[in-house]
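**Student:** Order-wise, the sequence lines are chains A and B.
Position one of the first sequence corresponds to residue 0 (numbering that gives the first Met the number 0), numbered consecutively onward.
Position one of the second sequence corresponds to residue 0 (numbering that gives the first Met the number 0), numbered consecutively onward.
Every residue gets a Cβ at the ideal spot worked out from N, C-alpha and C, and that includes glycine.
None of the values given here were measured: they were computed from a predicted structure.
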Amino acid sequence: MNYLDDFRDGDLVRGVMKEIRRTVTRKWVIMEICGGQTHSIMRYGLDELLPPEVELVHGPGCPVCVTSLELIDKALAIASQPNVILASYGDMLRVPGSQRDLFSVRASGGQVKVVYSPLDAVKLAQANPDKQVVFFGIGFETTAPNNAMTVVQAKALGLKNYSMLVSQVRVPPAMHAILGSPSNRVQGFLAAGHVCAVMGYWEYPPIAWQYRIPIVVTGFEPLDLVQGILMTVRQLEAGRCDVENAYSRVVTEQGNPAAQKIINSVYEECDRNWRGIGTIPNSGWRLNEAYADFDAEKRFQVGHIQTQESQVCIAGQILQGLKKPHQCPAFGTLCTPEKPLGATMVSSEGACAAYYRYHRSRLSQDEPVGAE
Amino acid sequence: MEDTSLPAFEGPVCPLPLAHEEQIVIGHGSGGRMTHDLIRKVFLPRLSSGPLSAGNDFARLTLPEAAALRGRLSVSTDSHIVTPLFFPGGDIGRLAICGTVNDMSMSGAVPLYITAGFILEEGLPVSTLERVVESMRAAAEEAGVQIVAGDTKVVEKGKADQLFINTAGVGWISEERVIGGEQAKPGDVVLVSGTLGDHGIAVLAARGELGFETGVESDVAPLNHLIADVLAAAPNTHVLRDPTRGGLATTLNEIAAQSRVSIWLEEKSIPLNPSVRAACEMLGFDPLYVANEGKLIVIVPEAEAEAALAAMRASPYGRAAARVGTVRAADPGRVLVRTLIGGTRIMDMLAGEMLPRIC
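1. Could you compute how far the alpha carbon of D347 of chain B sits from the alpha carbon of G199 of chain B?
2. Mind pulling the alpha helix (DSSP H) runs of 4 or more residues that sit fully within the segment 285-346 of chain B?
3. Might you give, ordered along the chain, the residues of its own chain that have their beta carbon closer than 6 Å to the beta carbon of Y210 of chain A, omitting 5 neighbours on each side?
4. Along the chain, which unbroken stretches of the alpha helix (DSSP H) at least 4 residues long are found entirely within the segment 289-368 of chain A?
5. Would I304 of chain A and D72 of chain A be called neighbours here (beta carbons separated by less than 7 Å)?
6. Does any residue of chain B bring its CB to less than 7 Å from the CB of E31 of chain A?
7. Counting only Cβ-Cβ distances shorter than 8 Å, please list the residues of the segment 138-159 of chain A near chain B, keeping chain order.
8. To the nearest angstrom, report how far apart K322 of chain A and E301 of chain B are at their CA atoms.
9. Quick one: is S264 of chain A near chain B, going by C-beta distance under 7 Å?
10. Decide if M223 of chain A is buried, meaning its Cβ has at least 16 other Cβ atoms within 10 Å, or exposed.
11. Would you kindly work out how many angstroms separate the C-alpha atoms of V336 of chain B and Q152 of chain A, rounded to a whole number?
12. For R356 of chain B, which option in A:G331, A:V63 and A:E202 has the closest C-alpha, if you only look at C-alpha atoms?
13. Take V269 of chain B as the anchor and find which of B:M281, B:L282 and B:L247 has the nearest alpha-carbon.
14. Which of the three DSSP states is assigned to S134 of chain B in this structure?
15. Where are the beta strand (DSSP E) runs, 3 residues long or more, that stay fully inside the segment 91-115 of chain B, in chain order?
16. Please confirm whether R344 of chain B has its beta-carbon closer than 7 Å to some beta-carbon of chain A.
17. Determine which residues share a DSSP beta bridge with H198 of chain B and list them.
18. Look at the alpha carbon of H27 of chain B and the alpha carbon of F117 of chain B, and state the distance between them as a whole number of angstroms.
19. How long is the line joining the alpha carbons of Y115 of chain A and E337 of chain A, rounded to whole angstroms?
20. Return the residues of the segment 30-62 of chain A that lie within a Cβ-Cβ distance of less than 7 Å from chain B, sorted by chain order.
21. Is any beta-carbon of chain B found at less than 7 Å from that of P221 of chain A?
22. Tell whether a beta-carbon distance below 7 Å holds between A124 of chain A and L158 of chain A.
23. If you measure between the beta carbons of V275 of chain B and P286 of chain B, is that distance less than 7 Å?
24. Taking E280 of chain B as the query, report the chain A residues whose CB atoms sit under 8 Å from its CB, ordered along the chain.
25. Could you tell me whether the Cβ of D100 of chain A comes closer than 7 Å to any Cβ of chain B?
26. Give me the chain A residues within the contact set of A350 of chain B, using Cβ-Cβ distance strictly less than 7 Å, ordered along the chain.
27. Closer than 8 Å between beta carbons: that is the criterion. Which residues of the segment 115-134 of chain A meet it against chain B?
28. Any contact between the segment 255-267 of chain B and the segment 163-173 of chain B? By contact I mean 3 or more CB pairs, one from each, below 8 Å.
29. Could you tell me the alpha carbon to alpha carbon distance between V225 of chain A and E280 of chain B, rounded to whole angstroms?
30. In whole angstroms, what is the alpha-carbon distance linking E212 of chain B and D90 of chain B?
31. Nearest-angstrom Cα distance between C229 of chain B and A255 of chain B?
32. Output, in chain order, the set of chain A residues within a Cβ distance shorter than 7 Å of D347 of chain B.
33. May I have the straight-line CA-CA distance separating I206 of chain A from M198 of chain A, to the nearest angstrom?
34. Might you give, ordered along the chain, the residues of its own chain that have their beta carbon closer than 6 Å to the beta carbon of E129 of chain B, omitting 5 neighbours on each side?
35. Going by beta-carbon coordinates alone, are S134 of chain B and A320 of chain B separated by less than 7 Å?
36. Between A353 of chain A and M41 of chain A, which are expected to be in contact by the criterion C-beta below 8 Å, what is the C-beta distance as a whole number of angstroms?
The structure is reproduced here in structure tokens:
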């Protein structure tokens, strides 16, 4: 268990923190892209221990949070049809569509199954030949190869009752969108370690050079995170804008070639609508011509569904690092994990959920948590 | 049970065409001969207590002599549903007995009597029922309680998932005991009786749906003996609670709210089985939210903390007991964790169902 214990060692983490404090001379804004990193930061209270000069803002890297309302409504419409089993990652069940969520569809008699491995959805299709099984294939580059594998297998097995509702998104276009925005505040990036485990980090140097911004590939344990922050701060202080790897025990520059091969053989690039942010060009993948038969949007008549986002929820600004969750007027009042307005309050990777779960007392100034 | 769908030829006059000794059929819930046969063959040989054998619709019970009509009663009821029925370390029968024994015992009561109501799904193998009832017998014997009344109903296939059990229990609380979730006081110490999350992970793994295997066994156990040992060593114990559904986090939140105090935990001192920790890391679960069925939270005044801890560690039900936190007056209603690396965070109640993460 060394990868857990050593990378959560308080003394080691505090040692790196001290180094960050020694290095930093002015204020910097660093974005961790991935929601898993946001949760680690909050769960261990890392942001509390950082010097005040280093501000962390939370990026759009939560697959549940950025899946568009429209697509969720499509999933709900499909799941409500008779003779359909909708298979989904657990996190999606609680995400509110414009009217209801998948839990309520299930309670009303719809068949909604949680799968941990996407391939279990293919097994469901095999076991239920009289039902249409639809897998809600969401996620970033991390889930893309696994989700792609389902249609490869379904095709090989000749399954006519399997399809996938695809909401696959990619990190680099989102980074472009954030950095290209006139209101951008981000000066350095912690790139998501597991995304890079699949894709490598060869896509990042052009971004670093174009926007003159350091990018450090970073893992998820406390020690990984402070190491990534230290390397970013060092670059910022030295005026460098390189791509560096702080997660070399997992990530190589080229990534996982087998995973990339299956991604390239199943998907093609497309524009994607990000919840709360809007359409980002070429930011997603859809099934290519060879696998078009497995596209649930084509198999079920859901193309007409169009929906509006909540007016109150500022998830889009949070996902771009423009605002923090507690700056939302609905945070903790109208919007809680029990009754979320937006997906950032739902997912285990959502920034609002992380703030709510771990630190909401610290954020309301009238009742600070007294540290010992 | 009213069931108008029963064919007329199964009425009380005609002989039953088949004995149906291997599978539960609707007739087993009719209240007639088949029900009696089931009771005679499956339940009575295993659960024979005086009141049960008397064959009445009620149990006539006596309080223990020490009570001498003083003290109060502790009454509790719980319904048990679990998939699968049998899992490493236990089964629904053991769960049903221990669950109610434990609920009663958290008042500091001596658990005395238990009743059991069964809802059986048509088609349930009788041998499965026998295994469950045998397990209930063994658990009741381990806990030292008597099963004194019971009931059986059968529902059509698909109307229930194999077997549901409701248990209710009665225990006696001696006069001097004032124990409850509202009794935690600033300065108290929080103890737990062992590793957390074992039951939830064992059952999840046994379901096989998430495609992982572990050697983790459920901790399902009666806690009344452990509680007796704790109370002998620490008579001024303020709170006893078993962190079942929602885990340690949810239970401590309940106590913090009831007692209007805050509870501070030291993350590094919380005992975890390495396999549970690994499974939770993989699935994105927090073990502090995972269910336990044989663990005890004890909140005691500082002066009695060491004695209580020693008593727990000396019991087979509390070998891995540990001191995990303290009670404070500030921030009432909150549970806060000092993290492994020295930060703090809120530990909230579980919002809904715990769901595995995506990536």
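**Tutor:** The short version:
1. Distance between the alpha carbons of D347 of chain B and G199 of chain B: 19 Å.
2. 301-313
3. Result list for Y210 of chain A: L178, in chain order.
4. 295-298, 314-318 and 350-362
5. yes
6. no
7. G138, F139, T141 and T142
8. 45 Å
9. Taking Cβ atoms only, chain B never reaches closer than 7 Å to S264 of chain A, which makes this a no.
10. The question names Met, but residue 223 of chain A is Asp in the sequence shown. Result: buried.
11. 45 Å
12. A:V63
13. Looking at the sequence itself, residue 269 of chain B is Ile, so the reference to Val does not match. It is B:L247 whose Cα lies nearest to the Cα of I269 of chain B.
14. S134 of chain B falls in the helix class under three-state DSSP.
15. Within the segment 91-115 of chain B, complete beta strand (DSSP E) segments of at least 3 residues are not found at all.
16. yes
17. DSSP lists no partner for H198 of chain B.
18. 12 Å
19. 23 Å
20. M41, R42, Y43, G44, L45, E47, L48 and P62
21. By this cut-off, P221 of chain A is an interface position.
22. Yes.
23. Cβ distance < 7 Å, so V275 of chain B and P286 of chain B count as in contact.
24. L3
25. no
26. P336 and E337
27. Listed in sequence order: Y115, S116 and D119.
28. no
29. 20 Å
30. 18 Å
31. Before going on, a small fix: residue 229 of chain B reads as Val here, not Cys. For V229 of chain B and A255 of chain B, the distance between alpha carbons rounds to 21 Å.
32. R356
33. Distance between the alpha carbons of I206 of chain A and M198 of chain A: 15 Å.
34. V41
35. no
36. 4 Å
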